[in-house]
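Line by line, the protein sequences give chains X and B.
With the working numbering, the residue at position 212 of the first sequence is 212, and numbering never jumps.
With the working numbering, the residue at position 69 of the second sequence is 423, and numbering never jumps.
Since the structure comes first, as structure tokens, the remarks are kept for the end.
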Amino acid sequence: MITMDLLAIDLAYGLEKLLLIGGIITVSLIVAMYTTYAERKVAAWMQDRRGPNRAGPFGLLQPVADGLKLFFKEEIIPLTSNKTLFVLGPALAMVTAMLTSAVIPWGSSIHIFGRDVSLQIADVNIGILYVFGVVSMGVYGIMIGGWSSNNKFSLIAAVRGASQIISYELAMGLSLIALLMMTGSLSLKTIVQQQMEGGWNIIYQPLGFLIFLICVFAECNRTPFDLPEAENELNFGYHQEYSSMKLGLYLFSEYVNMFISSAVVSTLFFGGYDIPFVDEAALSLSLGANTVALLGFGALFTKILFFLFLFIWVRWTIPRFRYDQLMDLGWKKLIPLALANMLITALVILWLNK
Amino acid sequence: MHINEILFWFLTALALFSAMMVVFSKNPVHSVLWLIMVFMAITGHYIIMNAQFLAIVNMIVYAGAIMVLFLFVIMFMNLNAESEPQKSKWMKFAAVLSGGSLMLILIAALKDNDGFISSMRGEGSIGLIKNLGKVLFTDYVVPFEISSILFLSAMVGAVVLGKKESSTIVS
Numbered sequence: 001m002i003t004m005d006l007l008a009i010d011l012a013y014g015l016e017k018l019l020l021i022g023g024i025i026t027v028s029l030i031v032a033m034y035t036t037y038a039e040r041k042v043a044a045w046m047q048d049r050r051g052p053n054r055a056g057p058f059g060l061l062q063p064v065a066d067g068l069k070l071f072f073k074e075e076i077i078p079l080t081s082n083k084t085l086f087v088l089g090p091a092l093a094m095v096t097a098m099l100t101s102a103v104i105p106w107g108s109s110i111h112i113f114g115r116d117v118s119l120q121i122a123d124v125n126i127g128i129l130y131v132f133g134v135v136s137m138g139v140y141g142i143m144i145g146g147w148s149s150n151n152k153f154s155l156i157a158a159v160r161g162a163s164q165i166i167s168y169e170l171a172m173g174l175s176l177i178a179l180l181m182m183t184g185s186l187s188l189k190t191i192v193q194q195q196m197e198g199g200w201n202i203i204y205q206p207l208g209f210l211i212f213l214i215c216v217f218a219e220c221n222r223t224p225f226d227l228p229e230a231e232n233e234l235n236f237g238y239h240q241e242y243s244s245m246k247l248g249l250y251l252f253s254e255y256v257n258m259f260i261s262s263a264v265v266s267t268l269f270f271g272g273y274d275i276p277f278v279d280e281a282a283l284s285l286s287l288g289a290n291t292v293a294l295l296g297f298g299a300l301f302t303k304i305l306f307f308l309f310l311f312i313w314v315r316w317t318i319p320r321f322r323y324d325q326l327m328d329l330g331w332k333k334l335i336p337l338a339l340a341n342m343l344i345t346a347l348v349i350l351w352l353n354k
Numbered sequence: 355m356h357i358n359e360i361l362f363w364f365l366t367a368l369a370l371f372s373a374m375m376v377v378f379s380k381n382p383v384h385s386v387l388w389l390i391m392v393f394m395a396i397t398g399h400y401i402i403m404n405a406q407f408l409a410i411v412n413m414i415v416y417a418g419a420i421m422v423l424f425l426f427v428i429m430f431m432n433l434n435a436e437s438e439p440q441k442s443k444w445m446k447f448a449a450v451l452s453g454g455s456l457m458l459i460l461i462a463a464l465k466d467n468d469g470f471i472s473s474m475r476g477e478g479s480i481g482l483i484k485n486l487g488k489v490l491f492t493d494y495v496v497p498f499e500i501s502s503i504l505f506l507s508a509m510v511g512a513v514v515l516g517k518k519e520s521s522t523i524v525s
């Protein structure tokens, strides 16, 4: 009997997690879809154009039309390419883009059907390091895709992308060490809870935030760091030989990456699902815990949308770096800055604890 | 069977199969990719042993950073099965002998070790980041710092070598 009970609990638990995973994947895909639309609309607005406005009201069905177009295009696998790896590349890019969402706390817990459902897939005690692990796996999608196409431009773009991601990972990690020294925890949920009580981390770590944000731009291959797909130097970059939905997956994974990294930045520096200037505990007494959890999710989502807008804003404002400038910025400016930030934070923490 | 046991056997099979494929695949890029699979399987083993920090560091450093550099070099060298030089018979014989004796020593060392078995059941906690950090910065602080100096000297050496090359080309 006891084993039966255990099994039942496990089943409900598994179902709950499965639903959560499905929900988060759906939300990230839809947000990524509409970020492509937002990108074109914001670009149009900045350049005094109208942007997509034919499909549906305000062109709202444009992403659907784009997706359908990609699905119905002819699938071409180059004759001299390495076929298995050619298919593996875009799949890997998409999977690694989605994997990070597992450790992000999307809200506090919801009480439903007599169960407390945490709005986080896995609260592991090494949350941040997990994010780094997945990011370092993200290189392979680009490298495998670029190499297996058997095209010089693709290969050069792939190697550029990989070295860029590795270089900026260093500064990213160093800028976060200062933050982690303050929080004393690697779990993203604990970091959010600390920010709910003691104010957002951006107040204590403005320099760390700036370095982290620049590195996030580089990791997502976004302008001004979009050298892996610099059209005027490399034709189309590492996905030059790709067509149909395989190309779509590469392009789409960039937007999913943007969404997830916006979520990571909001969680680490902007309080995650914390509603600003509101005491959640007091509010949940009057409104109920579920409403507050949903409001918290809304707050996190607003922050994410702001960062998505920032991504687009920067893309249409700042021109692309040259490759040596990119490496110069990463290795000679950001890493020393991050190290200085780390040392100063450590000294201040020591001084305050005395 | 406990879930840990099922996972252990699955990961072990995966690690062994991938390791075989590293040796047997003709294409060096495939070899590197199989080697990444080996590291991923070992990462899984670390997680079963409740050593989450080691698991993730194994993934970031070995599967993430070092293997990318391997891929870099191999992709640019454009190696393929035809251009691979054939090693002499004696070389192959010596490799088999040394590899086999290493395996023998490892099996002999691990066969009677109880700590190894208990850590396989997920009972140890030394691999958690808090415990590992405490041990590294108290009991083993001197070896830890010395190894970091070793890394630094390796890095400086690489930079010096790189610089020399370019200056001779210019002159």
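Quick reminder that beta carbons are idealized off the backbone N, C-alpha and C, glycines included.
Integer-rounded CB distance, given that residue j should sit under 8 angstroms from residue i
{"i": "M137 of chain X", "j": "T96 of chain X", "result": "5 angstroms"}
{"i": "S167 of chain X", "j": "W331 of chain X", "result": "6 angstroms"}
{"i": "I428 of chain B", "j": "V496 of chain B", "result": "At roughly 38 angstroms, the Cβ-Cβ gap does not stay under 8 angstroms, so I428 of chain B and V496 of chain B are not in contact."}
{"i": "A44 of chain X", "j": "R50 of chain X", "result": "6 angstroms"}
{"i": "M413 of chain B", "j": "G173 of chain X", "result": "14 angstroms between Cβ atoms; not a contact."}
{"i": "M245 of chain X", "j": "L70 of chain X", "result": "5 angstroms"}
{"i": "V117 of chain X", "j": "I110 of chain X", "result": "5 angstroms"}
{"i": "F252 of chain X", "j": "V314 of chain X", "result": "That pair is no contact at about 20 angstroms."}
{"i": "W106 of chain X", "j": "I191 of chain X", "result": "Wrong, their Cβ atoms sit about 14 angstroms apart, outside the cutoff."}
Distance cut-off 7 angstroms: residue i Cβ against heavy atoms of the ligand NAP
{"i": "L506 of chain B", "result": "Here there are no bound small molecules, and the ligand NAP is not part of this structure."}
Residues that DSSP places opposite residue i in a beta bridge
{"i": "D116 of chain X", "result": "X:H111"}
The alpha helix (DSSP H) enclosing residue i, as first and last residue numbers
{"i": "A157 of chain X", "result": "152 to 183"}
{"i": "V139 of chain X", "result": "127 to 148"}
{"i": "N358 of chain B", "result": "357 to 378"}
{"i": "Y400 of chain B", "result": "382 to 402"}
{"i": "C215 of chain X", "result": "206 to 219"}
{"i": "K488 of chain B", "result": "483 to 492"}
{"i": "L186 of chain X", "result": "L186 of chain X -> no alpha helix (DSSP H), and no H or E assigned at all."}
{"i": "V124 of chain X", "result": "Note, V124 of chain X: premise wrong, no alpha helix (DSSP H); not H, not E."}
{"i": "W351 of chain X", "result": "335 to 353"}
{"i": "V415 of chain B", "result": "V415 of chain B -> no alpha helix (DSSP H), and no H or E assigned at all."}
{"i": "L464 of chain B", "result": "443 to 465"}
{"i": "L425 of chain B", "result": "421 to 431"}
Neighbouring residues, chain X, relative to residue i (Cβ below 7 angstroms)
{"i": "A419 of chain B", "result": "S136, I166"}
{"i": "M374 of chain B", "result": "Near M374 of chain B there are no residues of chain X at all, since even the closest Cβ is about 18 angstroms away, more than 7 angstroms."}
Amino acids of chain B, ordered along the chain, whose beta-carbon sits closer than 7 angstroms to that of residue i
{"i": "W147 of chain X", "result": "V383, M429"}
Per-residue contacts from residue i into chain B (C-beta, under 8 angstroms)
{"i": "F153 of chain X", "result": "Under the 8 angstroms cutoff, chain B gives no residues; its nearest Cβ is about 14 angstroms from F153 of chain X."}
{"i": "L186 of chain X", "result": "I483"}
{"i": "V264 of chain X", "result": "Simply none; closest approach about 16 angstroms."}
{"i": "V139 of chain X", "result": "G418, V422"}
Interface residues of chain X facing residue i [CB-CB closer than 8 angstroms]
{"i": "I414 of chain B", "result": "L129, F132, G133, S136"}
{"i": "I410 of chain B", "result": "I126, L129, Y130, F132, G133"}
{"i": "F407 of chain B", "result": "I126, L129"}
Interface residues of chain X facing residue i [CB-CB closer than 9 angstroms]
{"i": "F426 of chain B", "result": "M143, V159, A162, S163"}
- Within the region 22 to 109 of chain X, ranges of the alpha helix (DSSP H) (whole runs, at least 4 residues): 62 to 72, 83 to 99
- Curious, which full-length beta strand (DSSP E) runs of at least 3 residues does the region 254 to 332 of chain X contain? none
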